[in-house]
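Below is one structure; the comments refer to it alone.
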Amino acid sequence: MPGVTVEEVAEDAHVRLLAGLGAGGQLVYETVLTRIVEPDLHLVLGTPAFVEGIAAGDQIRVRAGGAFEVVRRGGNICLLVVPESAPRPEDLTPLRDAFDELGGIVELPPDRRFIVITVPAAAGFDAVEAAIDGWTGPRGHHWEYGNVYDPDGNPLNWWD
Numbered sequence: 000m001p002g003v004t005v006e007e008v009a010e011d012a013h014v015r016l017l018a019g020l021g022a023g024g025q026l027v028y029e030t031v032l033t034r035i036v037e038p039d040l041h042l043v044l045g046t047p048a049f050v051e052g053i054a055a056g057d058q059i060r061v062r063a064g065g066a067f068e069v070v071r072r073g074g075n076i077c078l079l080v081v082p083e084s085a086p087r088p089e090d091l092t093p094l095r096d097a098f099d100e101l102g103g104i105v106e107l108p109p110d111r112r113f114i115v116i117t118v119p120a121a122a123g124f125d126a127v128e129a130a131i132d133g134w135t136g137p138r139g140h141h142w143e144y145g146n147v148y149d150p151d152g153n154p155l156n157w158w159d
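If you're matching positions, the sequence shown starts at 0 in numbering that gives the first Met the number 0 and goes up one per residue.
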C-alpha cells in the first residue's frame, strides 16, 4: 500500500503511525507493534506513548501517511506520564503494584523519560484515577489519558 510503512516480522509488524506535529510544525511518527489481521487491518500489540486514540488490543485500519481508523476497541485505557526527571526503579514499584491489582501493565523505555500504562477499562475510571493520582500526586508528575478524549477534549465514550 503506497504511503504506509509496515515492517513485517513473522505475523507481527511495526507500523509507523502519525503522532502529531512537532514543535517546529513537522509531522511526528511513532512506530507501533501490531499483528497483521488483514492487509491493512492490524491488532495493536503495544500501547503507543504518543499516538493518541489507541491502546493495546484495538484493531486499526492503517491508512496512507500514518493515519488510521479504529475498527474495534480492545477494552484498554492508555495513560501517559512524562516525569520531570527519570524515576528510580524503586520509585516505580508502588505504581506497578497499583496497576497490577487492576490488571494493568506499566511500561517505560530504558531512559525512563516517559511511562505508558495500559489498564482494562473494566477496572473503572475511579480506580484507575485513584491509582495514578496516588503515585503522580506526591511526585508532582503530570499524567493524561491517551485514548479517552478526542482532540477537542470530548469523551470518546467507547467504554460505555
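Positions of the beta carbon are idealized from the N, C-alpha and C atoms, including for glycine.
Measuring C-alpha to C-alpha distances from A126 to each of E100, R15, E106 identifies E100 as the nearest.
Going by DSSP, F67 is part of the beta strand (DSSP E) stretching over 67-71.
Here P154 is exposed. Its C-beta has fewer than 16 other C-beta atoms within 10 Å. Judged by DSSP in its simplified three-state form, L94 adopts helix. For Y28, the closest of A130, L16, V80 by C-alpha to C-alpha distance is L16. Of the residues assessed, Q58 falls on the buried side of the cut-off, its CB having 16 or more other CB atoms within 10 angstroms. P88 and G136 have their alpha carbons spaced roughly 18 Å apart. The segment 27-41 makes no contact with the segment 107-122, as fewer than three CB pairs between them are under 8 Å. Each of G65, R95, T92, V115 was checked against the Cα of H141, and the nearest Cα belongs to V115. Counting the other CB atoms within 10 Å of its CB gives N75 a total of 16 or more, which places it among the buried residues. In the DSSP assignment, R138 falls within the unbroken alpha helix (DSSP H) covering 124-138.
In the three-state scheme derived from DSSP, where H, G and I count as helix and E and B as strand, A63 is classed as helix.
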